[in-house]
Structure formats: C-alpha cells, structure tokens
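*Asks:*
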Amino acid sequence: SLSYNFTYDENIQAMYGNGTKKINDKIQIQVGLRTEYTQTKGESKVLDQTNRNEYLKFFPTVFLSYQKNDNNMYVFNYGRRIERPNYSLLNPLRYFVNSKISSQGNPSLQPAYIDNFELSHTYKENLNTKLSFTAKTNAFGLIFNLDEATQEQLIIRDNFYNNYAFSLTESYQLPIFSWWKTDNTLFVNYSVSHKTNAEISAEVRKGFEFYGSVNNVFTLDKDGKILGELNFWYNSPYNDNLYKY
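Residues in the sequence shown are numbered from 3 upward in steps of one, following our numbering.
1. Using beta-carbon positions only, say whether N140 and P94 come within less than 9 Å of one another.
2. What three-state label does DSSP hand S180 in the structure shown?
3. Among S46, D72, D50, which one has its Cα closest to the Cα of E127?
4. Report buried or exposed for S101, applying the criterion of at least 16 other Cβ atoms within 10 angstroms of its Cβ.
5. Which residue or residues does DSSP assign as beta-bridge partners of D11?
6. Tell me, which residues are paired with S110 by DSSP?
7. May I have the straight-line CA-CA distance separating N199 from L66, to the nearest angstrom?
8. So L249 is in the beta strand (DSSP E); what residue range does that whole segment cover?
9. Can at least three beta-carbon pairs, one atom from the stretch 206-216 and one from the stretch 183-196, be found at a separation below 8 Å?
10. Helix, strand or coil: how does DSSP classify S173 here?
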C-alpha cells in the first residue's frame with residue numbers, strides 16, 4: 003500500500019502569433035498572443051484514484067521601445083506566463099520521512115499565473131535602470147499541518163496565496179582600464195503575499211530584500227583572453243511566502 007504506482011499524462015496544444023510595427027524612427031512596438039489548451043490525467047493505481055483536468059488559457063505580450071536620442075533609450079514590456087505543478091507535487095500517495103512526518107502530493111493542484119510589467123531606461127549603453135511589478139496569482143506551495151494529539155506532521159500542497167513584488171534594479175558597466183572592466187548591480191525588492199484560502203492557518207510573510215554585486219574581469223591581451231576575475235555579492239535576509247531566508 004506504500005508503493006509508488008502513479009502515471010501522469012500531460013498534453014498541450016499551443017498556437018501563437020506576434021507582430022512588429024515601427025511607428026517612426028524612435029518608437030517601435032511588438033505585440034503577441036499565445037494560446038494554450040492543456041489536458042492532464044493523473045492515475046494512482048494504489049489508491050484507485052484518477053484525476054483529470056483541462057483548461058484553455060491566453061498569454062499576451064507587449065513590447066514598446068522609445069529611442070529618445072543616442073544616449074537614452076526607454077523600454078516597456080509586459081508578459082503573462084504559466085507555472086504548472088510538476089509530477090512529484092501531484093502524486094497523492096503519502097511518503098513517510100519518519101514515524102512522525104509524512105508528505106503527500108495533491109492531484110487537484112492548479113497552475114499559477116505570473117503577470118510581469120517592466121519599465122527600463124538605458125543611458126549610454128552602460129547604466130540601466132529597471133522598475134518592475136510582478137503578480138503571481140493562484141500560487142501553490144507547501145503547507146505544514148500538525149496533529150496536536152499525535153504530534154504527527156503532514157506536509158501537503160495547495161493553491162493558497164497570491165504574491166505581489168515591486169523591484170528596482172540598477173546595473174552599471176564601467177571599463178576602468180583597457181584590461182579591467184567592472185559590472186555592478188543593485189537590486190531592491192518588496193514582496194507581499196495574501197492568502198486566498200481562509201481555511202489555511204499558515205502565516206504568509208512580507209518584507210524587503212536587498213542584493214548587491216561587483217564583478218571584475220581582467221584580460222591579458224587585446225584578444226580579450228580572461229586573466230582572472232574578482233567578484234563580490236551580498237544578499238540580505240528576506241521573506242518569501244511562508245519562509246524567512
């Protein structure tokens with residue numbers, strides 16, 4: 003009764019198209035649309051259980067660029083994509099870590115959807131500033147349930163939250179000498195999650211994240227052969243959904 007015998011089939015039919023239009027010498031736009039029709043079937047022979055799912059979804063994209071002058075370029079883009087649960091998250095059979103902890107997949111998991119908006123500015127092809135907003139809806143993840151009487155913990159998966167993130171990224175490339183180039187990045191992000199299932203008692207977290215890096219590349223000759231690198235990066239503590247990193 004604890005053996006794995008789970009088969010999963012996933013079929014996807016997709017159709018997409020895109021078009022580009024140059025408005026004038028400075029403005030160019032590109033739009034696209036991808037359509038996906040998905041059918042899934044998960045069958046557990048041990049539990050004598052079959053789960054089917056099918057859905058039709060649309061994923062638009064928009065790209066708009068504005069070349070103000072030789073030194074300044076602005077770009078806006080929007081895209082929507084899908085994040086499907088993988089095979090291991092869908093298997094309903096319980097897996098025992100030890101006598102008190104077990105883990106179980108959820109064959110009824112639904113995909114999550116991610117909408118991403120970005121506005122960027124490039125100055126002299128060296129300094130890049132990017133503002134972005136990302137919304138992840140119908141997101142799925144791990145939930146830890148504890149039986150107070152037996153002190154047994156069951157780890158399950160479910161669609162239970164939406165996540166929204168606002169970020170600022172600064173990157174700067176600087177050739178200090180002909181043989182020494184440096185690439186610097188600063189990233190600040192604020193993330194907040196909201197539960198969509200009131201029956202789940204888990205606490206979702208929010209907060210800021212900071213990341214910074216300095217990457218130095220040293221070359222040996224005019225051919226650009228790399229002599230060596232000296233790099234540094236720092237990532238602050240941050241919160242993401244249930245977790246504190």
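Glycine is no exception: its CB is placed at the ideal position from the N, C-alpha and C atoms.
*Replies:* A quick look at the data gives this:
1. For the purposes of this step, residue 140 is identified with residue 138 of the sequence shown, where counting begins at 1. For the purposes of this step, residue 94 is identified with residue 92 of the sequence shown, where counting begins at 1. It is not a contact, given that the beta carbons lie outside the stated cut-off.
2. Your numbering for residue 180 matches position 178 in the sequence shown. Reduced to three states, the DSSP call for S180 is coil.
3. In the sequence shown, counting from the first residue as 1, residue 127 sits at position 125. Of S46, D72, D50, the residue nearest in Cα terms is D72.
4. Mapped onto the sequence shown, residue 101 falls at position 99. Looking at its Cβ environment, which holds fewer than 16 other Cβ atoms inside 10 Å, S101 is exposed.
5. Counting from 1 along the sequence shown, the entry for residue 11 is found at position 9. Beta-bridge pairing links D11 to K43.
6. The residue labelled residue 110 in the question sits at position 108 within the sequence shown. Bridge partners of S110: none, in fact.
7. On the sequence shown, position 197 is the one that residue 199 refers to. On the sequence shown, position 64 is the one that residue 66 refers to. If you take the alpha carbons of N199 and L66, they lie about 37 Å apart.
8. Since the displayed the chain opens at 3 and closes at 247, residue 249 lies outside it and no answer follows.
9. yes
10. Your numbering for residue 173 matches position 171 in the sequence shown. S173: strand per DSSP, three-state reduction.
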